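Number of protein chains: 2
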Amino acid sequence: MTTTPQARTVRRGRPGHDLESVLQIAVRLFNERGYDGTSMEDLARKLGITKSAIYHHVPSKQELLRLAVDRALDRLFGVVARAEAIDGRAIERLEYLVRGSVAVLVEQLPFVTLLLRVHGNTKVERAALARRREFDRIVANLVTEAENDGDIRPDVDPAVTARLLFGMVNSLIEWYRPGRGDSDIAEAVARIAFDGIRVRA
Amino acid sequence: MTTTPQARTVRRGRPGHDLESVLQIAVRLFNERGYDGTSMEDLARKLGITKSAIYHHVPSKQELLRLAVDRALDRLFGVVARAEAIDGRAIERLEYLVRGSVAVLVEQLPFVTLLLRVHGNTKVERAALARRREFDRIVANLVTEAENDGDIRPDVDPAVTARLLFGMVNSLIEWYRPGRGDSDIAEAVARIAFDGIRVRA
DNA sequence: GTATTAACCGTCCGATCGGTCAGCTCGCAG
DNA sequence: CTGCGAGCTGACCGATCGGACGGTTAATAC
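Residue numbers (the numbering used here), protein chains in the order written: chain A, 1 to 201; chain B, 202 to 402.
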């Protein structure tokens, strides 16, 4: 128990939830039961307030979703930007992107989980899907480039390789839980993705 | 256009949908919009009949879900049974399980997709999750066994290896679409999973 | 032509959905 | 002790939810 060196300014008004704490709990609940499977009444109960109080913090259910997926997307594109700035071979940028993405998944697990489960039912969800496709496109280009460099196996279609690679990375949301062994998960992902599960002959 | 050699027995009664055709379209719709995001009215519209007509074929929305996920689980456990019957090293049984699972994913894509997205909100969904966990347990044991044989890299926790392996396999539901190039997808998955995306030194 | 079988329709229901609105409560600042 | 900002309540709304029910329609079988 370390006392955090009071960085927060003094809170005015009646104490209780603010937008951030509502968002945190909302996202956690959305992940447990699904966005459509979670009612605002469910959320209110979990928050310990009434449904109408939620609308003091956020104008709509959709907006909660938007805030969450945008946060996840912003972090992921932050990694993309840092990866693209690296001088060197494409496979090095790819490895940075993989490790960085794993780090984002781990640090922002609930937000990324929600992002990876949107369906495209609404404008908000379709916008999120569009940005996800852009991310996937960048990954595919990087894999293609690395294959042209002769650093990635040429016997599998680079588009398929890219999908499988990030299929593995993204699967983290289904089973990785922080603070339960699984130390340096990025290292484990990188090893298995780049060199496979089999021992070398 | 080949005329299929009439294997079907003559249908009695008024023509239209039967349980199977309702299930097919329901599962497709559930995958597009999510189970909770799809109303029975939505489904009725897609079927071209009224909502009440659906209840002639199936007693509840939950039952549609149950039929779908059970079909997927039955196929997957069929592969498990055939894998466990193989004499040989654990890694051979594991490779059979991977390739067989990919085949099931491809052949029963909508059903498996629905299975891999259940949340556990209802009794039906929790039962499906329980069978999924049993499947995962079998995979983890197989990976552990293969690692003890010295056939799988010992520098990653076998539980993590198992998760990443099937994380990759299961990611197929997110992007694989039949009849669009991507020939012998099982071969591609096996190569990348067992030997990695990098070229051998 | 008359059963039998299977598919379907229209109407209705109680519950729940996301969301609105006017007013109330709590705590710090001056 | 008053003003005010932030958080919250309770009552309510139209729409939609999954589902029930009694009657109808279209095909084959005899």
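Virtual Cβ for every residue (Gly too), placed ideally from N, Cα, C. Everything numeric in this text was worked out from a predicted model, so none of it was measured.
- prompt: Just the Cα atoms here: how many angstroms apart are A:H119 and A:A201?
  reply: Against the first sequence, residue 119 of chain A aligns to sequence position 119. Against the first sequence, residue 201 of chain A aligns to sequence position 201. The straight-line gap from Cα to Cα measures roughly 43 Å.
- request: Could you name the residues of the same chain whose beta carbon sits closer than 7 Å to that of B:M241, not counting the 5 residues immediately before and after it, in chain order?
  value: In the second sequence, counting from the first residue as 1, residue 241 of chain B sits at position 40. Within the same chain, B:M241 has close Cβ partners K252, I255 and K262.
message: What does the alpha-carbon distance come out to for the pair B:D385 and A:V143?
response: Along the second sequence, read from residue 1 onward, the residue named residue 385 of chain B stands at position 184. Along the first sequence, read from residue 1 onward, the residue named residue 143 of chain A stands at position 143. Taking the straight line joining both Cα atoms gives about 20 Å.
query: What residue from A:G34, A:R33, A:K46 and A:Y35 has the CA that sits closest to A:H17's CA?
result: Numbered from its first residue, the first sequence carries residue 17 of chain A at position 17. When each option's Cα is compared against that of A:H17, the closest is A:K46.
- prompt: When the Cβ atoms of the segment 297–313 of chain B are set against those of the segment 270–285 of chain B, are three or more pairs found closer than 8 Å?
  reply: yes
field: Within 9 Å of chain A by C-beta, residues of the segment 386–397 of chain B in sequence order
entry: I386, E388, A389, V390, R392, I393, A394, F395, D396 and G397
query: How is A:I152 classed by DSSP in three states: helix, strand or coil?
result: Here residue 152 of chain A refers to the residue found at position 152 when the first sequence is read from its first residue. Of the three classes helix, strand and coil, the one that applies to A:I152 here is strand, per DSSP.
query: Would you say A:G100 faces chain B, with C-beta separation under 8 Å as the test?
result: Here residue 100 of chain A refers to the residue found at position 100 when the first sequence is read from its first residue. Not an interface residue.
message: Within 8 Å of any Cβ in chain A, is that where the Cβ of B:H258 sits?
response: Within the second sequence, the letter at position 57 stands for residue 258 of chain B. For B:H258, the answer is no, since every Cβ of chain A falls outside 8 Å of its Cβ.
- request: Give the interface partners of A:G205 over in chain B, defined as CB-CB distance under 7 Å, in chain order.
  value: Residue numbering for chain A in the displayed model covers 1 to 201; residue 205 of chain A lies beyond these limits and cannot be assessed.
- request: Report yes if the C-beta distance between A:A159 and A:A140 is below 8 Å; otherwise report no.
  value: The residue labelled residue 159 of chain A in the question sits at position 159 within the first sequence. The residue labelled residue 140 of chain A in the question sits at position 140 within the first sequence. In this structure, A:A140 lies closer than 8 Å to A:A159 by Cβ.
task: Could you say if the segment 224–243 of chain B and the segment 173–192 of chain A meet the contact criterion of at least three C-beta pairs nearer than 8 Å?
output: no
- prompt: Taking DSSP as the reference, what is the three-state secondary structure of A:R11?
  reply: Within the first sequence, residue 11 of chain A is the residue found at index 11, counting from 1. If DSSP states are grouped into helix, strand and coil, A:R11 belongs with coil.
query: Can we say the segment 374–384 of chain B touches the segment 349–365 of chain B, given the rule of at least three CB pairs closer than 8 Å?
result: no
query: Short check: CB of A:S171 to CB of B:G351, under 8 Å?
result: Taking the first sequence and counting its residues from 1, the one referred to as residue 171 of chain A is at position 171. Taking the second sequence and counting its residues from 1, the one referred to as residue 351 of chain B is at position 150. No. Outside cutoff.
- request: On a CA-only basis, which of B:L230, B:D237 and B:G235 is nearest B:L244? Give me that one, please.
  value: The sequence position of residue 244 of chain B within the second sequence is 43, counting from 1. When each option's Cα is compared against that of B:L244, the closest is B:L230.
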